[in-house]
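Under the working numbering, the residues of the sequence shown are numbered 63 to 297, in order.
Read the structure below first, then the notes.
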Amino acid sequence: MSKQIMTIGHRGAKGHEPENTIASFEKAIKLGCDYVELDVHLADEELFVIHDSSVDRTTNGSGKIAELTRKQIESLDAGNGQKIPTLSEVLAFINGRCGVNIELKGAGTAGPVCDLLNTLLNQSHLSSPILISSFDYRELDEVDKKFRRGLLFDKIRDDWIELARDYSSWSVNLPYKTVSLDNIQKAHLEGFRVLVYTVNDPNDMKKLLSLGVDGIFTDFPDRLLDAITSGEKND
Ligand code: G3P
Ligand code: MG
63 MSKQIMTIGH RGAKGHEPEN TIASFEKAIK LGCDYVELDV HLADEELFVI
113 HDSSVDRTTN GSGKIAELTR KQIESLDAGN GQKIPTLSEV LAFINGRCGV
163 NIELKGAGTA GPVCDLLNTL LNQSHLSSPI LISSFDYREL DEVDKKFRRG
213 LLFDKIRDDW IELARDYSSW SVNLPYKTVS LDNIQKAHLE GFRVLVYTVN
263 DPNDMKKLLS LGVDGIFTDF PDRLLDAITS GEKND
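Structure follows, in structure tokens:
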């Protein structure tokens with residue numbers, strides 16, 4: 063039987079809909095993703111789902127998200143009339159239909175994210191599998207150990223495996239350019255899943271699948287699902 067690959071919609075289905083919006087998460091779910099990935103920042107004591115620290119690139123507004131009020135953020139257009147959603151809104155919208163990889167972007171997000179998840183857990187309202195990741199290892203270290211952690215790397219450093227161990231990682235989340243059979247085997251020997259970002263070329267996807275990665279982040283989940291299906295046909 064073929065290996066189960068985590069199909070992860072990057073910022074939802076960024077290749078099809080405005081990134082990190084409800085429309086983008088809806089599209090990723092419709093396409094059949096196992097997980098969606100999203101980015102969070104804290105502003106006005108609320109967790110907002112947005113990649114950049116400023117709203118300039120993805121909305122019709124300007125300024126640093128952390129310096130805007132909730133009302134100002136709610137008035138912005140994040141593309142095609144979509145709003146910048148809060149993490150609560152996204153989790154309620156997804157409602158267990160796929161897993162959620164929450165990437166901690168902004169400072170001080172680990173505590174509020176865990177508080178929200180624990181509140182939902184206590185109310186039996188957390189039905190999606192959760193993976194929390196970050197490039198900011200101090201922030202990730204604040205994450206409640208009951209939640210799976212993904213250590214994000216932008217390059218392979220000498221101590222990457224030790225770091226993943228030290229931060230109690232469930233997965234190592236690697237950029238495409240760093241992935242080799244040797245690195246995959248090193249991670250697997252230690253029990254870490256290997257998740258690779260952000261892969262949009264079907265040939266790259268097929269190569270990673272043949273190398274034995276555990277999951278792939280993509281802006282085009284349809285391409286990844288096609289690559290997995292065509293690999294299964296050739297098994
Ligand atoms: O988590 C994978 C990927 O999202 C990390 O990079 O910049 O797209 O958040 P970025
Ligand atoms: Mg991200």
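Quick reminder that beta carbons are idealized off the backbone N, C-alpha and C, glycines included.
Report the option in the options whose CA atom is closest to the CA atom of residue i.
i: S224; options: N157, R210, G253; result: According to the sequence provided, residue 224 is Glu. The question's Ser does not apply to it. That would be G253, whose Cα lies nearest to the Cα of E224.
i: L214; options: L257, Q247, I112; result: L257
i: R211; options: L138, L251, E165; result: E165
i: D139; options: I112, N245, I194; result: I112
i: I84; options: G143, C176, F279, N163; result: G143
i: L236; options: N157, R227, D244, K217; result: K217
i: K167; options: L202, I135, H187, I192; result: L202
i: N262; options: G170, D281, E79, G141; result: D281
i: S190; options: E79, T171, F155; result: F155
i: E136; options: L183, P283, V234, A105; result: A105
i: R73; options: K65, F87, Q66; result: F87
i: P264; options: D288, H187, K248; result: D288
Could you check what DSSP says for residue i in three-state terms: helix, strand or coil?
i: N296; result: coil
i: N184; result: helix
i: L178; result: helix
i: G168; result: coil
i: E108; result: strand
i: N193; result: Here residue 193 is Leu; the residue named in the question, Asn, does not match the sequence. Of the three classes helix, strand and coil, the one that applies to L193 here is strand, per DSSP.
i: F155; result: helix
i: G173; result: helix
i: I278; result: strand
i: R132; result: helix
i: L213; result: strand
i: N142; result: coil
Taking only beta-carbon atoms, is residue i less than 8 angstroms away from chain D?
i: G253; result: Of the protein chains in this structure there is only one, and it is not chain D.
In whole angstroms, give me the CA-to-CA distance for residue i and residue j.
i: T291; j: G71; result: 17 angstroms
i: M68; j: H103; result: 25 angstroms
i: L109; j: Q134; result: 14 angstroms
i: G125; j: A172; result: 23 angstroms
i: G277; j: S116; result: 29 angstroms
i: L273; j: A75; result: 24 angstroms
i: D114; j: T120; result: 8 angstroms
i: C176; j: V152; result: 15 angstroms
i: N245; j: R200; result: 24 angstroms
i: T131; j: E107; result: 9 angstroms
Notebook entry, point to check: Can you list the alpha helix (DSSP H) stretches of 4 or more residues lying completely in the segment 221–263, in chain order?
Noted result: 222–228, 243–251
Next item on the list: For the segment 71–126, list the beta strand (DSSP E) runs that are entirely contained and at least 3 residues long, ordered along the chain.
Entry: 97–105, 108–111
Check: Whose CB is closer than 6 angstroms to a heavy atom of the ligand G3P? List the residues in chain order.
Finding: H72, E99, D101, H113, E165, S195, L214, N235, Y259, T260, F279
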